[in-house]
Amino acid sequence: MIIDANGLYYRELNRLIREAVAAGETRIHLFNVNGQRYIGDGLKGRITITIDGIPGHDLAAFMNGPTIVVNNNAQDGVGNTMNDGKVVVRGNAGDVLGYGMRGGKLFVQGDVGYRVGIHMKSYKSQVPVIIAGGAAADFFGEYMAGGIMVLLGLNGAEGNRPVVGDYLATGMHGGVIYIRGTVEEHQLGKEVGVKELEEEDYRVLRPLLEEYCQDLDLDIEEVFQGDFIKLLPVSHRPYGALYALNQRNF
Amino acid sequence: MALGDRWSNPFCNFIVDRDQDRCIQCQVCVNQCPYEANFYRALDDTVVSDHALCTGCHRCKALCPTSCITIRLNPSEFRPHAVWTERDIKNAYLQAETGSIILTGIGCDRDYPIYFDHILLDACQVTNPSIDPLREPMELRTYLGRKPEAVEFEFRDGKPRLKTQLYPQLTLEVPVMFSAMSYGAVNLNFCEGLSRVATEAGTYWNTGEGGLHPDLYQYGKHTIVQVASGRFGVNKDYLDVAAAIEIKIGQGAKPGIGGHLPGEKVTAEVSRTRMIPVGSDALSPAPQHDIYSIEDLRLLIYALKEATEYTKPVSVKIAAVHNSAAIASGIVRAGADIVAIDGLRGATGAAPAMIRDHVGIPIELALASVDQRLRDEGIRHQASIVAAGGFRNSADVVKAIALGADAVYIGTAAMVAVGCTLCQKCYTGKCPWGITTNEPSLAKRLNPDIAAERLYNLLRGWALEIKDFMGAMGINAIESLRGNRERLRGLHLTDRELNILGIKHAGE
């Protein structure tokens, strides 16, 4: 099904999408999208939405299952508290991507903005994944509690500018971040440590990157050229010693 | 005091006074104290105490079969000093030892003015009749949510029909809801009690930010689910099952700061519901990082409305701070259907003591100014106001409604109803009354059936009293009391305070 989003307010566009899904459509193509917010918000089921144009904020927020492919850039808040499904952005994406993300995959071909993957979570087999192909700004993986984040530093980011900004993984207390490239000590949040990848890491990383490369028509071998580092939280309780429990009951 | 009692800290707050003549060494007190303040000494077959470990919770005293225990404040006093209170001295000692932030629980315990205690209610005498609520209909039903600008009717088949499309509403049979207390901070037994009573009594309970345990989804129609900065337990099903969604911006006990549910309370079940590692501190960031402005708030409000197809009200909860009135105006304009304001005396499971005691403003002043501001701007009908933070009894509720609230949230009062003695140690996860603990041996002290019964009784008692107040004022529907400040008078208040509260002084 094809929907022309030209001139449609987001509320109308999203209503049309929900109606199409309710009518059993499994493939929806939106074109002339121009900043409409909340596309795929709270949507469930095995549906694929392809977007031509630039979707607005909170694309795929609270989404639970569908796949969304954006053939352009995306704005802020993609995958906000997303539970399941996949978003593929064939361009750059903005700030606060995957906030509180609980599952599913968010693949961005280009750069991503500030505070990406804040407080991502995981539980047993429900593990969210964010992979960004370019560079990321400050506070990447802030408060991270679970899941996997990968930053590749492709698209000219390599060597020319930092792969990632400052305050990297500040407050991280769960999950893992892989970065293709290096980070300076001063870029790291206090709660995170740099480790070398082990065999197990490649077993996790390889299939994820294969999927990423397949979705974005990239060469997996090229992506794997270059060294990765791994970031892990130093502690599950980074702020455990901050508070006086006053066990003497003054 | 028993010979051999310990004083591991000579400056402790409490003394466990045990009448050894009546003590039968049954050790109930030993087993009941999770802080191990009481212990058995086999050498001389005596039960003794370490006073320093006593938090003043009164659990041992309550369960002692021979009533041999009295918990007393430590009578030993520092040299009197008008500037340096005992609390200041002890806090300085504690921080000198630990170098840490002093943590506490429950709400502000400092003696700031409680305006409710300086406001008196009106009653009818002669010129219009009071109403007997026992024999005449008395309406407490309250609808929370956005109201239309005007209501239009049309006649179809000779019958009037509502033409105006109404916005989704919450229906309360009593204008008292249970405030946000998260699963993890309080345990499942307590949450079960709250959710069952909310359902039975026709009101709502609030999940707080810890998600909704699967066992409680059945009470969804009477559940307000919270979306907070940590986004714990937020998913499509959680949003769908709820009656309303509340965006938590702030909390009266700790305005402007985030929350750390201590790792001690993050058990396997809490980990599952929150999706964080067992034993890790659950970190709630201070801001929601996708909300840096009113426009951003609108973004999240409508993300939630879109996700739930505009079927339920969205509330925004803020702490009462200096500019609450302007902020509330922004919240309403951003599209919130309910504005919840939590005052200075609002409680918490864990907050830095300095923040709890020194940040924010009392709910009475915030409520009055918010209600007035929304009226002045002609947008009061666009959102309901829910007041929270320090409601102790039905009189507080009636005064708040007359000051402009549609309904109130109670938290501490609900905990007190099931045994809380305000020892302020919720953050240890060892609540002796089984409320703010997830340790199975302690949590089972709170039987959900008994909790539900007691909570129901509390609400019933308050509802009866609210009707009494209304009847005395000659009001038979709570709608007529809302914002009816003419029925309030101030006592011992300055002109400025009266002005902010929008009430006259007693005698006027």
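Sequences listed follow chains P and G, in order.
Under my numbering, the residues of the first sequence are numbered 1 to 250, in order.
Under my numbering, the residues of the second sequence are numbered 1001 to 1508, in order.
Glycine residues also receive a C-beta, built at the ideal position from the N, C-alpha and C atoms.
Can you give me the Cβ contacts of residue i inside the same chain, cut-off strictly under 7 Å, excluding the 5 residues immediately before and after it?
| i | result |
| --- | --- |
| D95 (chain P) | D76, G113, Y114, R115 |
| I1410 (chain G) | V1176, F1178, S1179, F1391 |
| K1312 (chain G) | P1168, A1242, A1243, A1244, I1245 |
| D1357 (chain G) | C1108, R1110 |
| D1132 (chain G) | G1471 |
| K1163 (chain G) | E1152, F1153, E1154 |
| G189 (chain P) | Y167, L168, A169, T170, G171, M172 |
Please return the same chain residues whose Cβ sits closer than 6 Å to the Cβ of residue i, not counting the five positions on each side in sequence.
| i | result |
| --- | --- |
| R15 (chain P) | none |
| D1050 (chain G) | R1006, S1008, A1037 |
| G1389 (chain G) | G1252, D1342, G1343, R1345, G1346, I1363 |
| G56 (chain P) | G35, Q36, R37, Q75 |
| G90 (chain P) | Reading off the sequence, residue 90 (chain P) comes out as Arg, not Gly. Here the set comprises N71, Q109. |
| R1072 (chain G) | I1015, D1017 |
| E1479 (chain G) | none |
| V1359 (chain G) | P1255 |
| A1353 (chain G) | I1102, T1104 |
CB-CB under 8 Å to residue i, same chain, minus the five flanking residues each way: which ones, in chain order?
| i | result |
| --- | --- |
| L1446 (chain G) | N1187, N1189, F1190, G1193, V1418, G1419, W1433, G1434, I1435 |
| Y143 (chain P) | I118, H119, T170, G171, M172, H173 |
| F1469 (chain G) | L1121, S1394, A1395, V1398 |
| Q1095 (chain G) | I1102 |
| I17 (chain P) | I3, I28, L30, I39, G40, L43, I49 |
| Q1025 (chain G) | Y1040, D1045, T1046, V1047 |
| L1459 (chain G) | V1174, V1176, V1197, A1201, T1203 |
Our contact map puts residue i next to residue j with C-beta atoms below 8 Å; I'd like the distance itself, whole angstroms only.
| i | j | result |
| --- | --- | --- |
| L168 (chain P) | V183 (chain P) | 6 Å |
| R1489 (chain G) | K1504 (chain G) | 6 Å |
| A1452 (chain G) | V1197 (chain G) | 5 Å |
| E25 (chain P) | M1 (chain P) | 5 Å |
| R1298 (chain G) | G1184 (chain G) | Going by Cβ atoms, the distance from R1298 (chain G) to G1184 (chain G) rounds to 29 Å, so no, they are not a contact pair. |
| Y1115 (chain G) | L1365 (chain G) | 7 Å |
| I1077 (chain G) | N1476 (chain G) | According to the sequence displayed, residue 1077 (chain G) carries Glu and not Ile. At roughly 53 Å, the Cβ-Cβ gap does not stay under 8 Å, so E1077 (chain G) and N1476 (chain G) are not in contact. |
| L1403 (chain G) | D1371 (chain G) | 7 Å |
| K121 (chain P) | G104 (chain P) | In fact, because the Cβ distance is near 12 Å, the residues do not count as touching under 8 Å. |
| L1367 (chain G) | A1405 (chain G) | 6 Å |
Interface residues of the stretch 1441 to 1460 of chain G facing chain P [CB-CB below 8 Å]
none
Please give the ranges of any beta strand (DSSP E) in the stretch 1172 to 1235 of chain G, keeping only runs that are unbroken, at least 3 residues long and fully inside the region.
1176 to 1178, 1223 to 1227
Ignoring anything shorter than 3 residues or poking outside the stretch 1057 to 1139 of chain G, list the beta strand (DSSP E) runs there in chain order.
1069 to 1073, 1101 to 1104, 1119 to 1121
Do three or more CB pairs link the stretch 1327 to 1336 of chain G to the stretch 1369 to 1379 of chain G at distances below 8 Å?
yes
So if I threshold CB-CB distances at 7 Å, which residues from the stretch 96 to 123 of chain P count as touching chain G?
V96, Y99, G100, R102, R115, I118, H119, K121, S122, Y123
What are the residues in the stretch 1337 to 1362 of chain G lying within 7 Å of chain P by C-beta distance?
none
Can you pull out the residues from the stretch 41 to 60 of chain P whose beta carbon lies closer than 8 Å to at least one beta carbon of chain A?
Reference to chain A is not applicable here, since the protein chains of this structure are P and G.
Does the stretch 1244 to 1255 of chain G come into contact with the stretch 1340 to 1349 of chain G, if we say contact requires no fewer than three beta-carbon pairs (one atom in each stretch) closer than 8 Å?
yes
With a threshold of 8 Å, are at least 3 pairs of Cβ atoms found where one atom belongs to the stretch 1292 to 1305 of chain G and the other to the stretch 58 to 69 of chain P?
yes
Which ranges does the beta strand (DSSP E) cover as unbroken runs of at least 3 residues, wholly within the stretch 31 to 93 of chain P, from first to last along the chain?
48 to 54, 64 to 70, 84 to 89
Counting Cβ pairs, one atom from each stretch, are 3 or more of them under 8 Å apart for the stretch 1024 to 1033 of chain G and the stretch 1057 to 1065 of chain G?
yes
Given 8 Å as the limit, is there contact between the stretch 1200 to 1213 of chain G and the stretch 83 to 97 of chain P, that is, 3 or more CB pairs closer than that?
no
Stretch-stretch touch, CB-based, cutoff 8 Å, three pairs: the stretch 229 to 244 of chain P with the stretch 176 to 195 of chain P
yes
At least three beta-carbon pairs within less than 8 Å, the stretch 1214 to 1228 of chain G to the stretch 40 to 57 of chain P
no
Whether or not the stretch 1135 to 1154 of chain G and the stretch 1222 to 1230 of chain G are in contact is what I'm after, with contact meaning three or more pairs of Cβ atoms, one per stretch, closer than 8 Å; do they touch?
no
Decide yes or no for the touch test of the stretch 1259 to 1266 of chain G against the stretch 1279 to 1295 of chain G: beta carbon pairs closer than 8 Å, at least 3 of them.
yes
At which residue ranges does the stretch 1293 to 1372 of chain G contain complete alpha helix (DSSP H) runs of 4 or more residues, listed in the order of the chain?
1294 to 1307, 1324 to 1333, 1353 to 1358
Name, going along the chain, the residues of the stretch 128 to 147 of chain P whose beta-carbon falls closer than 7 Å to a beta-carbon of chain G.
Y143, A145, G146
Check each residue of the stretch 1223 to 1234 of chain G: if its Cβ is closer than 7 Å to any Cβ of chain P, include it; give the result in chain order.
G1230, R1231, V1234
Near-chain G residues of the stretch 152 to 186 of chain P (beta-carbon distance less than 7 Å), N- to C-terminal order:
G171, H173, G174
Residues of the stretch 210 to 237 of chain P whose Cβ lies closer than 7 Å to any Cβ of chain G, in chain order:
H236, R237
In chain order, which beta strand (DSSP E) runs of at least 3 residues are fully inside the stretch 126 to 186 of chain P?
129 to 132, 145 to 151, 174 to 180
Any residues in the stretch 1274 to 1295 of chain G with a beta carbon nearer than 7 Å to a beta carbon of chain P? Which ones, in chain order?
M1275, I1276, P1277, G1279, S1280, D1281, L1283, P1285, H1289, D1290
Compile a chain-ordered list of the residues in the stretch 1054 to 1079 of chain G whose CB is closer than 7 Å to at least one CB of chain P.
C1054, T1055
Listed in chain order, which residues of the stretch 1235 to 1248 of chain G have Cβ atoms closer than 7 Å to some Cβ of chain P?
N1235, K1236, L1239
Mind pulling the alpha helix (DSSP H) runs of 4 or more residues that sit fully within the stretch 1470 to 1506 of chain G?
1495 to 1501
Closer than 7 Å, Cβ to any Cβ of chain P: which residues of the stretch 1135 to 1147 of chain G, in chain order?
none
Segments of 3+ residues assigned as beta strand (DSSP E) that fall wholly inside the stretch 1372 to 1458 of chain G:
1384 to 1388, 1407 to 1410
According to a CB-to-CB cut-off of less than 8 Å, which residues of the stretch 67 to 88 of chain P neighbour chain G?
D76, G77, N80, T81, N83
Can you give me, in chain order, the residues of the stretch 1250 to 1269 of chain G that have a beta carbon less than 7 Å from any beta carbon in chain P?
H1260, G1263
Along the stretch 1099 to 1115 of chain G, where does the CB come closer than 7 Å to a CB of chain P? Name the residues.
S1100, I1101, I1102, L1103
Can you list, in chain order, the residues of the stretch 1307 to 1331 of chain G whose Cβ is nearer than 8 Å to any Cβ on chain P?
A1307, T1308, E1309
Using a Cβ-Cβ cut-off of less than 7 Å, list which residues of the stretch 1166 to 1191 of chain G approach chain P; keep chain order.
none
Under 8 Å, CB to CB, which of the residues in the stretch 1473 to 1500 of chain G have a partner in chain P?
none
Can you list, in chain order, the residues of the stretch 1030 to 1052 of chain G whose Cβ is nearer than 7 Å to any Cβ on chain P?
A1052
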